[in-house]
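Undergrad:
Residue numbers (the working numbering): 339 to 1052.
1. In this structure, how does DSSP classify residue 548 when only helix, strand and coil are distinguished?
2. With C-beta atoms as the reference, is residue 1000 less than 9 angstroms away from residue 954?
3. Taking the straight line between their C-alpha atoms, what separation do you get for residue 1042 and residue 742?
4. Could you give the residue range of the alpha helix (DSSP H) that holds residue 760?
5. Residue 817 bridges to which residues according to DSSP?
6. Terminal residues of the continuous alpha helix (DSSP H) containing residue 717?
7. Counting C-beta neighbours from all protein chains within 10 Å, is the total for residue 350 16 or more, i.e. buried, or is it exposed?
8. Mark residue 508 as exposed unless 16 or more other C-beta atoms lie within 10 angstroms of its C-beta, in which case mark it buried.
9. Based on the DSSP secondary-structure assignment, which residues constitute the bridge partners of residue 769?
10. Quick check on the burial criterion: 16 or more other C-beta atoms within 10 angstroms. Buried or exposed for residue 1054?
11. Residue 422 and residue 652: beta carbons closer than 9 angstroms?
12. Could you tell me which residues DSSP puts in a beta bridge with residue 906?
13. Are the region 971-983 and the region 1016-1034 in contact at 8 angstroms, needing three or more beta carbon pairs?
14. Applying the criterion that 16 or more other CB atoms from any shown protein chain within 10 Å of the CB defines a buried residue, is residue 413 buried or exposed?
15. Where does residue 999 fall in DSSP's three states?
16. Does DSSP put residue 934 in a helix, in a strand, or in coil?
17. According to DSSP, residue 420 sits in a beta bridge with which residue or residues?
18. Please say whether residue 611 and residue 1061 have beta carbons closer to each other than 9 angstroms?
19. Mark residue 938 as exposed unless 16 or more other C-beta atoms lie within 10 angstroms of its C-beta, in which case mark it buried.
20. What number of angstroms, rounded off, separates the C-alpha of residue 411 from the C-alpha of residue 645?
21. So, does the CB of residue 882 fall closer than 9 angstroms to a CB anywhere in chain D?
22. Check whether the Cβ atoms of residue 529 and residue 523 lie closer than 9 angstroms to each other.
23. Measure the alpha-carbon distance for residue 758 versus residue 362 and round it to whole angstroms.
24. With a threshold of 8 angstroms on Cβ separation, who are the neighbours of residue 435 within its own chain once the five nearest residues in sequence on each side are excluded?
25. Taking the straight line between their C-alpha atoms, what separation do you get for residue 578 and residue 748?
26. Answer yes or no: do residue 694 and residue 419 have a C-beta to C-beta separation smaller than 9 angstroms?
27. State the DSSP-derived secondary structure class of residue 619, mapped to helix, strand or coil.
28. Look at the Cβ atom of residue 867, then the Cβ atom of residue 907, and state whether they are nearer than 9 angstroms.
29. In terms of residues, what are the limits of the beta strand (DSSP E) holding residue 845?
30. What first and last residue would you give for the alpha helix (DSSP H) that runs through residue 831?
31. Straight-line CA distance for residue 690 to residue 676?
32. Taking C-alpha atoms, which residue in 533, 933, 408 and 451 lies nearest to residue 503?
33. Between which residues of its own chain and residue 650 is the CB-CB distance below 8 angstroms, once the five residues before and five after are set aside?
34. With a threshold of 16 other CB atoms inside 10 Å of the CB of residue 950, please say whether the residue is buried or exposed.
35. Our contact map puts residue 386 next to residue 369 with C-beta atoms below 8 angstroms; I'd like the distance itself, whole angstroms only.
36. Tell me the DSSP secondary structure of residue 603 in three-state form.
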């Protein structure tokens, strides 16, 4: 047997395709930017939980909001598919078929009688034949004149014709009355059904169709309350109706006893009448819940119809219960159950806009389904965080939203657990906080973000400084010189000899043929990163960029230059040392004004004083000139900045310069005061100044840091 070739269908990603499972590293990458921006891990977790995120390949990982939208879309699909008015349309069509069949049957009966000349002649002929036989018999018994016999036969024939004409006239009158009855039926289905209850059908097929219609309607109406009503209603006898009436009476008595605070015998009731209900109903509360749901669905069908449609459906439902006692008990039951349904329940009015038809039973099941959508949406609105997802019904989520969304919701519920198990976050009394491992992960993300868009030639756009001792081998070769590490590139060396001597063997090597790999020389550095934490840094959109650079630089040093040292100082009104673990959730100083570079330089110089014999530098990230300084143990703030602030700050620059500390400044804004101060700083320290934007800050600092770690030998 030949097998068909495997076919693969490709489609554009629309966010609905199946998504692979999440992992902790991916979650940390998604959280990193938000944590850096807001400084609040709990808030970032909440946003990821509600809004989801986009993977680097463009794949969308949905959050709770998108899942709620999917729920709304599924509900709308049902509303856009069906036509609620078709409930009455279906009944009207069946009712029209009954009336059409009856009219056609009446016309056929009249036609059969109206084709009468032949029928009358046959009847007359049969009468003549019969009378002839009867006359012949009488003649034999009572012979008489022949004229008398002939006269008698003629009279009998005339009477037969008269009777036939009378029968035709009577049938015509009956048919006329029937047609008048049909023509005068109310236009609404309920009124028409009530009128046909007492109508005597002339056509047997029309009678059968009407009985089937009544059976269908009775079954649907009764099933709106009684789940187990599955038998054909068309065959209900008077005894069956009496039994149902008695069941409803006892049910009403039981419900009213419950309302009075009594404890009715539910088991006895179910033993007697359990065949009217589902077998899974175990107690009175379950029975009430079922009946409330059924009656609520019927109420919602009514609410979702127009006033005209609602009136027609109500009239139709009233018309099918002809037994006064049964109708009374049904009304009583509706009142008892209605009192138990909260006023706000089952009151939604749905706007159906489709064209597919529904029966009454299907419409009620649809309302039950829509109610489940509403309930799940309300539950999702009450979800505050991932822990609340455990309160949802798993089976209901899977049924209403599908297996894929159910699986994704399960992943959402596990996000904090995955991050905790990976060691990235931990739970405290105040909420979640990052662990050192989590901070390093954010630093790796920051480092990747900064370098991923760099072109190779961009590395050469920054100044290189040479320092340090021997380092690692590179992939670039050079002719050997005395003093070079003997890292021989043998193929290149042999090729040099062949080019010099020509082809042949043996190949004779000369010292000038030796080709060796270049080496990369690295320095050991100690760095203090000074981050401006003043109010303007936030207003200018620079603060998050500075934090990101600090984390990325920390990650770079840990991974590439583990012998280097990095310290971080934050400065505004005053300066303070910051731990790397504080960086992601670091916030700007809201209450104090000032840019106290003097204190920052002083603190940085003291830190670098502990690292002798290394290349020491201070990297300053700021968007403004110094506006505060310490004097006599107090902070002095002034804006515009005073000459005194500049003088005290430059004194610290002089001290740093004497200690061999280089100060490199990254300016995020330019002002006359800033330019004046920077010119003085460069004149004293000989450090470098870069003018950068927040989005390019990381590239400048990290690339420059790497550049200062390397030089070519030879």
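Just so it is clear, CB atoms sit at the ideal spot from N, CA and C, and this is done for glycine as well.
TA: Quick answer:
1. Numbered from its first residue, the chain shown carries residue 548 at position 210. Here residue 548 sits in helix by DSSP.
2. Within the chain shown, residue 1000 is the residue found at index 662, counting from 1. Within the chain shown, residue 954 is the residue found at index 616, counting from 1. It is a contact, given that the beta carbons lie within the stated cut-off.
3. Position 704 of the chain shown holds residue 1042. Position 404 of the chain shown holds residue 742. The straight-line gap separating the alpha-carbon atoms of residue 1042 and residue 742 is approximately 48 angstroms.
4. Indexing the chain shown from 1 puts residue 760 at position 422. Unbroken run through residue 760: none, as it is neither H nor E.
5. Sequence index remark: in the chain shown, residue 817 carries index 479 (1-based). According to DSSP, residue 817 bridges with 853.
6. One-based indexing of the chain shown puts residue 717 at position 379. Counting along the chain, the alpha helix (DSSP H) containing residue 717 begins and ends at 698-719.
7. Position 12 of the chain shown, counting from 1, holds the residue named residue 350. With a pLDDT of only 43 at residue 350, under 50, the local geometry of the prediction cannot be trusted, and the value read off the model is given with reservation. Exposed.
8. Stepping through the chain shown from its first residue, residue 508 is reached at position 170. With fewer than 16 other beta carbons inside 10 angstroms of its own, residue 508 counts as exposed.
9. Taking the first residue of the chain shown as position 1, residue 769 is located at position 431. Looking at the DSSP assignment, residue 769 forms a beta bridge with 766.
10. What is shown of the chain runs 339 to 1052, which leaves residue 1054 out entirely.
11. Taking the first residue of the chain shown as position 1, residue 422 is located at position 84. Taking the first residue of the chain shown as position 1, residue 652 is located at position 314. Contact flag unset, no.
12. On the chain shown, residue 906 is found 568 positions in, with the first residue counted as 1. 867 and 916, per the DSSP bridge assignment.
13. Touching, no, given that fewer than three Cβ pairs across the two stretches are closer than 8 angstroms.
14. By one-based count along the chain shown, residue 413 stands at place 75. Result: buried.
15. Indexing the chain shown from 1 puts residue 999 at position 661. Coil.
16. Looking up residue 934 in the chain shown gives position 596. Note: residue 934 maps to coil in three-state DSSP.
17. Within the chain shown, residue 420 is the residue found at index 82, counting from 1. DSSP lists 694 as partners of residue 420.
18. The requested residue 1061 is not part of the displayed model; the chain covers only 339 to 1052.
19. Along the chain shown, one-based indexing puts residue 938 at 600. Buried, since its Cβ has 16 or more Cβ neighbours within 10 Å.
20. Here the question's residue 411 lines up with position 73 in the chain shown. Here the question's residue 645 lines up with position 307 in the chain shown. One C-alpha to the other measures close to 27 angstroms.
21. The displayed structure is made up of one protein chain only, and chain D is not part of it.
22. Within the chain shown, the letter at position 191 stands for residue 529. Within the chain shown, the letter at position 185 stands for residue 523. Result yes, Cβ atoms of residue 529 and residue 523 sit closer than 9 angstroms.
23. What you label residue 758 is simply residue 420 of the chain shown in a count that begins at 1. What you label residue 362 is simply residue 24 of the chain shown in a count that begins at 1. Straight through space, the alpha carbons of residue 362 and residue 758 are spaced by roughly 9 angstroms.
24. Working through the chain shown from its first residue, we reach residue 435 at position 97. Once the five neighbours on either side are set aside, the close Cβ partners of residue 435 are 547.
25. One-based indexing of the chain shown puts residue 578 at position 240. One-based indexing of the chain shown puts residue 748 at position 410. So the alpha carbons of these two residues sit roughly 51 angstroms apart.
26. Your numbering for residue 694 matches position 356 in the chain shown. Your numbering for residue 419 matches position 81 in the chain shown. One thing to note: residue 694 has its Cβ within 9 angstroms of the Cβ of residue 419.
27. Taking the first residue of the chain shown as 1, we reach residue 619 at position 281. Here residue 619 sits in coil by DSSP.
28. As a first step, residue 867 must be located in the chain shown, where it is residue number 529. As a first step, residue 907 must be located in the chain shown, where it is residue number 569. Contact: yes.
29. Here the question's residue 845 lines up with position 507 in the chain shown. Element bounds for residue 845: n/a, residue is neither H nor E.
30. Counting from one through the chain shown, the residue named residue 831 turns up at place 493. Its alpha helix (DSSP H) spans residues 828-839.
31. Taking the first residue of the chain shown as position 1, residue 690 is located at position 352. Taking the first residue of the chain shown as position 1, residue 676 is located at position 338. If you take the alpha carbons of residue 690 and residue 676, they lie about 25 angstroms apart.
32. As a first step, residue 503 must be located in the chain shown, where it is residue number 165. Answer by Cα proximity: 451.
33. As a working mapping, residue 650 is identified with position 312 in the chain shown. Residues 426, 526, 527 and 528 of the same chain have their beta carbon placed closer than 8 angstroms to that of residue 650, with the five preceding and five following residues left out of the count.
34. If you number the chain shown from 1, residue 950 lands on position 612. Residue 950 comes out exposed.
35. As a first step, residue 386 must be located in the chain shown, where it is residue number 48. As a first step, residue 369 must be located in the chain shown, where it is residue number 31. Contact holds; Cβ gap of about 6 angstroms.
36. In the chain shown, residue 603 corresponds to position 265, counting from 1. Shown here, residue 603 sits in coil according to DSSP, grouped into three states, outside any helix or strand.
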